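Participant: Next up is a structure, given as structure tokens.
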Amino acid sequence: MEPSKDISRLIEIMAALRTPGTGCPWDLEQNFSTIKPYTIEEAYEVADAIERNDMGDLCEELGDLLLQVVFHARMAEEAGEFSFGDVVEAITKKMIRRHPHVFPPSGVRPDADTPSAVKVQWDAIKAEEKRERAERKAKRGITEDFKLGYLGTVHRSQPALTEALKLQSQAARVGFDWSEAEPILDKIEEEIGELREALRSGKQDKVADELGDLIFALVNIGRHVKADPEEALRGTNTKFRRRFNYIETSLQQSNETLQAATLERMEELWQAAKAIERQIATS
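Here the working numbering is used: the sequence shown runs in plain steps of one and ends on residue 423.
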């Protein structure tokens, strides 16, 4: 088996890995649920490569993500549901349908020569697709469909912070929104109070519920001040990594370890890291 730029080679490799008796034991025992976390992880790694502007890593990570698509398609084919070719056909059909201004079905291009006009056209086509999807699901006896209704365009299969942001933005389009940011701060304080009560109750499900409400309110304030919560949190994560690495490095230089260091010692170094960052920012 030799490497190739042809997608068919990747499909052949996956088929070989999933062949009972001669395939890979690990690949053979996987299913959609066990592979799902890897699919999500690979998507995040693609995003990370983009943020770092590392084209070499991006090429590799896109390959890893593509492998996930092939893996799921292979398992579906084994179950008699669909194949990789069906996946490709479905997305090409969708893209052609959603771009009639580029691929006119009747030979006449619709009037969509601006990004805003394309967006209006796109939404109309998606609405029609949603109705068709609902009909297909009804025929299969699937009654619950989060893609229905006004909020149906907000996909559930994305990071929770992003989903919350998009749910709020969609609701705001019909006026279900705060008029300004200040009242949201009051709401955040209210949610903190309810979280305190839940903590005192000792009921874990209540604590989780109130924590979710608090995070949802924090997402809302981020939306109003035009700070994407996902990006804001990612920035904080990066800052935490940098400062904690300073703690670890400083301890090593003093022949100390993280495991033996006291909280007070680590806090001292944390504050030192913050001071260095402030000095760099003002220099």
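Think of the CB as a built atom: it goes at the ideal place given N, C-alpha and C, for glycine as much as any other residue. These numbers were taken from a predicted model, which means no experiment stands behind them.
How about G292 and K270: are their beta carbons less than 8 Å apart?
Facilitator: Residue 292 sits at position 152 when you count from the first residue of the sequence shown. Residue 270 sits at position 130 when you count from the first residue of the sequence shown. Yes, these two residues count as a Cβ contact at 8 Å.
Participant: Mind checking which residues open and close the alpha helix (DSSP H) that includes D188?
Facilitator: Looking up residue 188 in the sequence shown gives position 48. It spans 172-191 - the alpha helix (DSSP H) in which D188 sits, taken as one unbroken run.
Participant: Can you look up R214 in the DSSP assignment and give me helix, strand or coil?
Facilitator: Here residue 214 corresponds to residue number 74 of the sequence shown, with the count starting at 1. In this structure, DSSP gives R214 a helical state, which the three-state scheme calls helix.
Participant: Taking a contact to mean a Cβ-Cβ separation below 8 Å, would you say V227 touches V209 in this structure?
Facilitator: Taking the first residue of the sequence shown as 1, we reach residue 227 at position 87. Taking the first residue of the sequence shown as 1, we reach residue 209 at position 69. Contact: yes.
Participant: Contact check, H364 vs W318 under 8 Å by CB: the rounded distance?
Facilitator: What you label residue 364 is simply residue 224 of the sequence shown in a count that begins at 1. What you label residue 318 is simply residue 178 of the sequence shown in a count that begins at 1. Right, the Cβ-Cβ distance comes to about 7 Å (below 8 Å), so this counts as a contact.
Participant: Pick out the complete alpha helix (DSSP H) segments inside the segment 256-298, 4 residues or longer, and give them in chain order.
Facilitator: none
Participant: Which complete beta strand (DSSP E) runs does the segment 364-405 hold, if anything under 3 residues is left out?
Facilitator: With a minimum length of 3 residues, no continuous beta strand (DSSP E) run stays inside the segment 364-405.
Participant: Using 8 Å as the threshold, is the C-beta distance between I262 and R237 below it?
Facilitator: For the purposes of this step, residue 262 is taken as residue 122 along the sequence shown, with counting starting at 1. For the purposes of this step, residue 237 is taken as residue 97 along the sequence shown, with counting starting at 1. Looking at the sequence provided, one finds Trp at residue 262 rather than Ile. No, Cβ-Cβ distance for W262 and R237 is not below 8 Å.
Participant: Counting along the chain, where does the alpha helix (DSSP H) carrying K166 start and finish?
Facilitator: The residue you call residue 166 lines up with position 26 of the sequence shown. Lys is not the amino acid found at residue 166; the sequence shown has Trp there. Counting along the chain, the alpha helix (DSSP H) containing W166 begins and ends at 165-168.
Participant: Drop a sphere of 10 angstroms on the beta-carbon of P369, count the other beta-carbons inside from all chains shown, and report buried for 16 or more, exposed for fewer.
Facilitator: The count along the sequence shown starts at 1 and reaches residue 369 at position 229. Looking at its Cβ environment, which holds 16 or more other Cβ atoms inside 10 Å, P369 is buried.
Participant: How should N360 be labelled, buried or exposed, when 16 other C-beta atoms within 10 angstroms of its C-beta is the threshold for buried?
Facilitator: Counting from 1 along the sequence shown, the entry for residue 360 is found at position 220. The residue in question, N360, is buried, as its Cβ has 16 or more Cβ neighbours within 10 Å.
Participant: Quick one: give me the first and last residue of the alpha helix (DSSP H) that V113 is part of.
Facilitator: Here the chain has residues from 141 to 423 only, and residue 113 is not among them.
Participant: Just curious, the alpha helix (DSSP H) that M141 is in, first and last residue?
Facilitator: Translated into positions along the sequence shown, residue 141 becomes position 1. Taken as a continuous stretch (DSSP letters only), M141 belongs to no alpha helix (DSSP H), as it is neither H nor E.
Participant: Below 8 Å on the Cβ atoms is my contact criterion, and I expect D204 with E169 to pass it. Report the Cβ-Cβ distance as a whole number of Å.
Facilitator: Here residue 204 refers to the residue found at position 64 when the sequence shown is read from its first residue. Here residue 169 refers to the residue found at position 29 when the sequence shown is read from its first residue. Between D204 and E169 a beta carbon distance of about 20 Å is seen, past the 8 Å cut, so the two are scored as non-contacting.
Participant: Measuring CA to CA, which of V242, G333, L150, R418 is closest to D353?
Facilitator: As a first step, residue 353 must be located in the sequence shown, where it is residue number 213. Residue G333 is the option with its Cα nearest to D353.
Participant: Measuring CA to CA, which of S394, R405, K379 is closest to R418?
Facilitator: On the sequence shown, residue 418 is found 278 positions in, with the first residue counted as 1. Nearest C-alpha to R418: K379.
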